[in-house]
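Q: With this note's numbering, letter number 210 in the sequence shown gets 258, and the count goes up by one each step, no holes.
Glycine included, each C-beta is placed from N, C-alpha and C at the ideal position.
Only a predicted model underlies this, so the values are computations on that prediction, with no experimental measurement involved.
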Amino acid sequence: MKSRFLIFALVVLAVLVSACGGGGDQASAPTEASQPARTSLPRPPETRAPTGTAPAVPETSASATRPAERPAGELSTFALDVDTASYGYARTVLKEGHLPDPGQVRPEEFVNAFGQGYTEPPGDGFAVHIDGAKGAGDAALLRVGLQTRTAEAASRRPASLTFVVDVSGSMADPGRLDLVRDALHTLVDQLGPSDAVSIVSFSDEARLRIPMTSVAERGRLHEAIDTLEPEGSTNLESGLVTGYQEAAHAFRSVATNRVILLSDGLANQGDTSWKGILDRVEEYAGRQVTLLCVGVGREYGDALMEQLADNGDGAAVYVSSREDARKVFVDRLPSALELRARDAKAQVAFNPATVVSYRLLGYENRTLAQDDFRDDSKDGGEVGPGHAVTALYEVRLRPGTSGQIAVATVRWQDPDTRQPAEVSRAVDVAELAGSLWEGSSPRLQVDAVVAAFADRLRRVDGGLFDEDLGTLAGHASRLAAVTEDPMVTELAELIRTAGSLR
49 MKSRFLIFAL VVLAVLVSAC GGGGDQASAP TEASQPARTS LPRPPETRAP
99 TGTAPAVPET SASATRPAER PAGELSTFAL DVDTASYGYA RTVLKEGHLP
149 DPGQVRPEEF VNAFGQGYTE PPGDGFAVHI DGAKGAGDAA LLRVGLQTRT
199 AEAASRRPAS LTFVVDVSGS MADPGRLDLV RDALHTLVDQ LGPSDAVSIV
249 SFSDEARLRI PMTSVAERGR LHEAIDTLEP EGSTNLESGL VTGYQEAAHA
299 FRSVATNRVI LLSDGLANQG DTSWKGILDR VEEYAGRQVT LLCVGVGREY
349 GDALMEQLAD NGDGAAVYVS SREDARKVFV DRLPSALELR ARDAKAQVAF
399 NPATVVSYRL LGYENRTLAQ DDFRDDSKDG GEVGPGHAVT ALYEVRLRPG
449 TSGQIAVATV RWQDPDTRQP AEVSRAVDVA ELAGSLWEGS SPRLQVDAVV
499 AAFADRLRRV DGGLFDEDLG TLAGHASRLA AVTEDPMVTE LAELIRTAGS
549 LR
């Protein structure tokens with residue numbers, strides 16, 4: 049990075065979900081050049097839940113550690129993340145009357161599960177949105193939003209999809225393999241004749257159920273889906289290796305090539321570490337084959353599925369109902385099979401003249417060294433069409449300050465050519481709303497409620513948010529009426545449920 053503060057005259061941050069907020073954005077041409085009080089939650093049960101109930105939290109669970117404040121002169125750099133599995137799983141566990149394991153609560157995945165309404169860019173890059181609001185004293189909440197352009201399903205390129213399906217004994221529980229079969233049947237009926245599907249199953253060993261087959265032969269694909277029945281143990285390593293081998297064998301340069309893993313993530317045979325598994329498929333994954341991890345089941349291997357997605361050029365989602373599965377496989381997947389950006393990274397430069405310190409909420413597993421931002425050999429995040437990515441910062445301003453607060457820049461590579469590009473946006477103190485709960489936009493307030501809720505579930509105290517669960521539920525109910533968003537209505541109920549479990 050060059051001079052810390054030349055960055056303010058240049059460009060900084062944007063990726064995956066954004067819109068136009070204060071300050072003008074400037075897209076750079078592709079370049080290789082380098083630049084520089086509260087209601088406490090109870091401890092969850094300490095014993096394993098009986099079969100048929102939500103899993104108990106292990107005795108080793110503990111409150112999350114709040115990230116330390118960083119000085120304003122230090123750049124904030126992270127890989128973009130479009131995962132939402134953490135919120136999906138917490139939602140399921142709460143609905144079953146249990147508190148999620150604090151270690152499985154990732155604030156960025158909670159926030160990114162909600163719609164933002166950011167303006168889309170006109171082209172294939174990102175739109176960057178920055179806004180915020182002042183809190184008590186010299187505190188402020190800053191939101192950096194990144195948005196990609198949506199794509200029409202009819203205009204997308206063909207897709208070659210390899211489904212790697214867990215058929216181990218644990219998938220026999222209701223809401224697991226039956227849900228997967230239903231989702232696959234529905235998806236096959238939604239795909240076009242230029243698309244192709246292969247299916248690999250795994251239990252003790254992996255098995256190719258059907259090689260890459262045109263969706264024009266729907267009957268054969270439906271028959272293969274119907275053969276999926278639970279049996280044996282969970283050799284996830286064998287399943288993914290076989291899946292990637294099939295995807296590489298059937299690779300089409302004119303198509304979107306993707307491996308889609310559907311599992312509860314409870315691997316117990318073969319190599320059960322994410323690194324060991326990804327090392328086995330590295331050769332095949334390097335051929336522009338991306339990964340989508342779809343988690344199912346009340347007992348769920350969250351850590352393994354998250355790390356596979358984060359380190360395997362992919363994303364992780366969690367489904368617990370036919371409605372969830374329909375959203376993933378029918379409403380979103382067919383139109384979002386293409387990529388808008390590879391190895392997308394964000395970097396925010398704060399102005400030491402106006403900012404004392406900052407804290408990024410979440411993204412602990414996606415943090416990068418500042419020099420990695422323009423090192424295109426370093427892994428970032430893969431972002432598809434119509435995706436939004438939001439990062440929230442707690443900021444401590446200098447008393448009575450004015451002027452520029454920060455510049456956010458996003459850097460990504462073209463999915464086909466690997467040519468890098470960047471876009472940036474800046475924000476000034478004058479653009480901050482005077483009060484978070486009274487003067488800021490409804491969607492910013494929703495993000496604040498969601499982030500605060502995640503902190504309560506992680507048992508993290510301190511920082512900008514000091515609202516108890518009752519107050520947060522009240523904010524969510526008010527915002528549900530304003531936004532007319534069913535997810536915000538449900539959020540209010542989930543917060544009340546968490547409060548009742550203390």
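Quick one: grab the DSSP three-state call for T545.
A: Note: T545 maps to helix in three-state DSSP.
Q: Rounded to whole angstroms, how far is the Cβ of A528 from the Cβ of V497, which I believe are closer than 8 Å?
A: Actually they do not touch by this definition, with Cβ atoms about 10 Å apart.
Q: Starting from A392 and walking both ways along the beta strand (DSSP E), at which residues does that stretch end?
A: Residues A389 to F398.
Q: Give me the Cα-Cα distance between V552 and T449, rounded to the nearest whole angstrom.
A: The shown model of the chain, from 49 to 550, leaves out residue 552, and the question about it has no answer.
Q: When you compare each of K393, A397, H177 and E330 to E470 by their alpha carbons, which one comes out closest?
A: That would be K393, whose Cα lies nearest to the Cα of E470.
Q: For L313 versus M353, is the C-beta spacing smaller than 8 Å?
A: The question names Leu, yet the displayed sequence has Gly at residue 313. Cβ distance < 8 Å, so G313 and M353 count as in contact.
Q: With H, G and I counted as helix, E and B as strand and the rest as coil, what does DSSP make of Q461?
A: Strand.
Q: Which residue from L147, A184 and P170 puts its Cα closest to that of W485?
A: Ranking the options by Cα distance to W485, first place goes to A184.
Q: Within a Cβ cutoff of 8 Å, which residues of the same chain sit near R86, ignoring the five residues on either side of it in sequence?
A: Low confidence applies here, because R86 scores a pLDDT of 36, under 50, leaving its location unreliable and the question unanswered by this model.
Q: Per the contact definition of three or more C-beta pairs closer than 8 Å, is the region 271 to 279 in contact with the region 302 to 320?
A: Counting Cβ pairs under 8 Å, fewer than three are found: no touch.
Q: CA-CA distance, L549 and V141?
A: So the alpha carbons of these two residues sit roughly 12 Å apart.
Q: For P155 and A499, which I take to be in contact (beta-carbon distance under 8 Å), what is that distance rounded to the nearest angstrom?
A: The pair is a contact, with the Cβ atoms about 5 Å apart (cut-off 8 Å).
Q: Buried or exposed, going by whether 16 or more other CB atoms sit within 10 Å of the CB of G349?
A: The residue is buried, with at least 16 neighbouring Cβ atoms inside 10 Å.
Q: I'd like to confirm the pairing. Which residues does DSSP put opposite H177 in its beta bridges?
A: Per DSSP, G193.
Q: Is it true that the region 363 to 376 meets the region 210 to 228, where meeting means three or more beta-carbon pairs spaced less than 8 Å apart?
A: Touching, per the Cβ criterion.
Q: So R370 is in the alpha helix (DSSP H); what residue range does that whole segment cover?
A: Start and end: R370 to R374.
Q: For A373, count neighbouring Cβ atoms within 10 angstroms of its own Cβ and tell me buried if that reaches 16, exposed if not.
A: Counting Cβ neighbours within 10 Å, A373 comes out buried, since at least 16 surround it.
Q: Looking only at its own chain, which residues have a Cβ that is under 8 Å from the Cβ of A546, when we skip the five neighbours before and after it?
A: Within the same chain, A546 has close Cβ partners L89, L142, L147, F501, R504, L505 and L517.
Q: By how many angstroms is the C-alpha of V192 removed from the C-alpha of A120?
A: Each residue's alpha carbon lies about 16 Å from the other.
Q: Please report how far the alpha carbon of R266 lies from the alpha carbon of R257, in whole angstroms.
A: Straight-line Cα distance between these residues: approximately 14 Å.
Q: Tell me the DSSP secondary structure of A401 in three-state form.
A: Note: A401 maps to coil in three-state DSSP.
Q: Residues in the same chain with beta-carbon distance under 7 Å from G240, minus the five sequence neighbours each way, listed in chain order, please.
A: These residues qualify, in order along the chain: V263.
Q: Starting from S286, trace the alpha helix (DSSP H) in both directions and tell me its first and last residue.
A: Run containing S286: L284 to H297, per the alpha helix (DSSP H) assignment.
Q: Inspect the beta-carbon positions of E430 and L387 and report whether they are closer than 8 Å.
A: Cβ distance < 8 Å, so E430 and L387 count as in contact.
Q: My output table needs one value for A357: the three-state DSSP class, helix, strand or coil.
A: If DSSP states are grouped into helix, strand and coil, A357 belongs with the helices.
Q: Out of curiosity, what's the CA-to-CA distance linking E107 and F398?
A: Low confidence applies here, because E107 scores a pLDDT of 34, under 50, leaving its location unreliable; read the following figure in that light. The alpha-carbon atoms of E107 and F398 are separated by roughly 40 Å.
Q: Do the CB positions of Y135 and F158 come within less than 8 Å of each other?
A: Against a cut-off of 8 Å, the Cβ pair of F158 and Y135 comes out as a contact.
Q: Rounded to whole angstroms, what's the CA-CA distance from E271 to G287? Just pull it up for me.
A: Those two C-alpha atoms are separated by around 20 Å.
Q: Between which two residues does the alpha helix (DSSP H) harbouring P155 extend?
A: Per DSSP, P155 belongs to the alpha helix (DSSP H) from P155 to N160.
Q: I'd like the list of long-range same chain contacts for A81, defined as Cβ closer than 6 Å, with 5 residues on each side in sequence excluded.
A: With a pLDDT of 34 at A81, under the threshold of 50, the predicted position of this residue should be treated as unreliable, and no value is reported.
Q: For L480, tell me which candidate among L445, R544 and L232 has the shortest Cα-Cα distance.
A: Ranking the options by Cα distance to L480, first place goes to L445.
Q: In whole angstroms, give me the CA-to-CA distance for V329 and Q293.
A: Roughly 8 Å separates the two Cα atoms.
Q: Are G451 and V475 close, meaning C-beta to C-beta below 8 Å?
A: Cβ distance not < 8 Å, so G451 and V475 don't count as in contact.
Q: Is the separation between the beta-carbon of P463 and that of D424 shorter than 8 Å?
A: Not closer than 8 Å, so no.
Q: Name the two residues that bound the continuous beta strand (DSSP E) containing T438.
A: Unbroken beta strand (DSSP E) run through T438: A436 to L445.
Q: Hey, L194 and V212: beta-carbon distance below 8 Å or not?
A: Their beta carbons are not under 8 Å apart, which means L194 does not touch V212 by this criterion.
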